[in-house]
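Undergrad:
In UniProt numbering, the protein residues as written are 1 to 209.
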């Protein structure tokens, strides 16, 4: 037995024993707090993206589309042809532009297929994506002003191809920005060419990169 001066102070009864229930509650509390912090962080990180793209199609742009786009009026090929004949609307093609294939040698010849569209159209590639960079959004706004000559009551037709969500996105976005006569040509160039209507080769609007 150790001498009195080497003995530790006596512990109160039960102090040197672990309380299983209390330990379980403490551990559960720590896990809950940790999980809650992770969820809050994930929500904070995701919120800007969700807010920017809310309601827009984000992927699989070539897929069946609905009958209408929010804030826009859907037109068929007959009405589209009538508007064209009467010069009664501005036309905006939003089909994505072909990109040079990755890995293609710099000295290799690459010639993308020409884009045929409704004559007189303004071609704004990429503006129909679900989320736009600040630069692309600014370019889209400038293009809309140019196409409609700054008149937000001038009818403006958005088109792409049949079952193309890019024209749906673009029409919805233009309506949200305050254009009041937004027309969505749902069948796009597939419907236009099937009807034997005139086409011309289009080039991306100035400022396209």
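Every residue gets a Cβ at the ideal spot worked out from N, C-alpha and C, and that includes glycine.
In this text the structure is predicted, and so the values were computed from the model without any measurement.
For the alpha helix (DSSP H) that residue 186 lies in, which residues bound it at each end?
TA: Along the chain shown, one-based indexing puts residue 186 at 186. Neither: residue 186 is in no alpha helix (DSSP H) and is coded neither H nor E.
Undergrad: Quick check on the burial criterion: 16 or more other C-beta atoms within 10 angstroms. Buried or exposed for residue 195?
TA: Taking the first residue of the chain shown as position 1, residue 195 is located at position 195. Exposed.
Undergrad: My output table needs one value for residue 39: the three-state DSSP class, helix, strand or coil.
TA: Counting from 1 along the chain shown, the entry for residue 39 is found at position 39. For residue 39, the predicted structure reports a pLDDT of 49, less than 50, and the residue's modelled location is therefore unreliable. A value from the coordinates is still provided. Helix at residue 39.
Undergrad: For residue 93, which beta-bridge partners are listed by DSSP?
TA: The sequence position of residue 93 within the chain shown is 93, counting from 1. Per DSSP, 123 and 159.
Undergrad: Would you mind sorting residue 202 into buried or exposed? The rule is 16 or more other CB atoms within 10 Å of its CB.
TA: Taking the chain shown and counting its residues from 1, the one referred to as residue 202 is at position 202. Buried, because 16 or more other Cβ atoms sit within 10 Å of the Cβ of residue 202.
Undergrad: Rounding to the nearest angstrom, what Cα-Cα distance links residue 183 and residue 158 in this structure?
TA: Here residue 183 corresponds to residue number 183 of the chain shown, with the count starting at 1. Here residue 158 corresponds to residue number 158 of the chain shown, with the count starting at 1. One C-alpha to the other measures close to 6 Å.
Undergrad: For a quick check, are the C-beta atoms of residue 141 and residue 179 less than 8 Å apart?
TA: Along the chain shown, read from residue 1 onward, the residue named residue 141 stands at position 141. Along the chain shown, read from residue 1 onward, the residue named residue 179 stands at position 179. Not closer than 8 Å, so no.
Undergrad: Is the distance from the Cβ of residue 162 to the Cβ of residue 128 below 8 Å?
TA: The residue you call residue 162 lines up with position 162 of the chain shown. The residue you call residue 128 lines up with position 128 of the chain shown. No.
Undergrad: How about residue 171 and residue 72: do their beta carbons lie closer than 8 Å?
TA: Here residue 171 is taken as the residue at index 171 of the chain shown, counted from 1. Here residue 72 is taken as the residue at index 72 of the chain shown, counted from 1. Contact flag set, yes.
Undergrad: Can you tell me the Cβ-Cβ gap for residue 78 and residue 192, rounded? I've got them flagged as a contact below 8 Å.
TA: In the chain shown, counting from the first residue as 1, residue 78 sits at position 78. In the chain shown, counting from the first residue as 1, residue 192 sits at position 192. 11 Å between Cβ atoms; not a contact.
Undergrad: With DSSP run on the structure shown, which of helix, strand or coil describes residue 79?
TA: If you number the chain shown from 1, residue 79 lands on position 79. Three-state result, residue 79: helix.
Undergrad: In angstroms, rounded to a whole number, what distance separates the CA positions of residue 92 and residue 54?
TA: Along the chain shown, read from residue 1 onward, the residue named residue 92 stands at position 92. Along the chain shown, read from residue 1 onward, the residue named residue 54 stands at position 54. Approximately 23 Å between the Cα atoms of the pair.
Undergrad: To which residues of the same chain is residue 168 closer than 7 Å at the C-beta, ignoring the five residues directly before and after it?
TA: In the chain shown, counting from the first residue as 1, residue 168 sits at position 168. These residues qualify, in order along the chain: 57, 65, 69 and 184.
Undergrad: DSSP state of residue 134, grouped into three classes?
TA: Numbered from 1 along the chain shown, position 134 holds the residue referred to as residue 134. Helix at residue 134.
Undergrad: Distance check for residue 138 and residue 43, CA to CA, integer angstroms please.
TA: Your numbering for residue 43 matches position 43 in the chain shown. Your numbering for residue 138 matches position 138 in the chain shown. Residue confidence is low: residue 43 scores 39 on pLDDT, short of 50, so the model does not pin down where it sits. Its coordinate-derived value is still stated next. Taking the straight line joining both Cα atoms gives about 28 Å.
Undergrad: What number of angstroms, rounded off, separates the C-alpha of residue 136 from the C-alpha of residue 208?
TA: Taking the first residue of the chain shown as 1, we reach residue 136 at position 136. Taking the first residue of the chain shown as 1, we reach residue 208 at position 208. Spanning the two alpha carbons is a distance of roughly 9 Å.
Undergrad: By how many angstroms is the C-alpha of residue 200 removed from the C-alpha of residue 117?
TA: Indexing the chain shown from 1 puts residue 117 at position 117. Indexing the chain shown from 1 puts residue 200 at position 200. If you take the alpha carbons of residue 117 and residue 200, they lie about 6 Å apart.
Undergrad: Would you check if the distance between the CB atom of residue 88 and the CB atom of residue 143 is smaller than 8 Å?
TA: To locate residue 88, count along the chain shown from 1; it is residue 88. To locate residue 143, count along the chain shown from 1; it is residue 143. Their beta carbons are not under 8 Å apart, which means residue 88 does not touch residue 143 by this criterion.
Undergrad: Give a yes or no on whether the C-beta atoms belonging to residue 165 and residue 63 are separated by under 8 Å.
TA: As a position in the chain shown, residue 165 is number 165, starting the count at 1. As a position in the chain shown, residue 63 is number 63, starting the count at 1. Yes, they are a contact pair.
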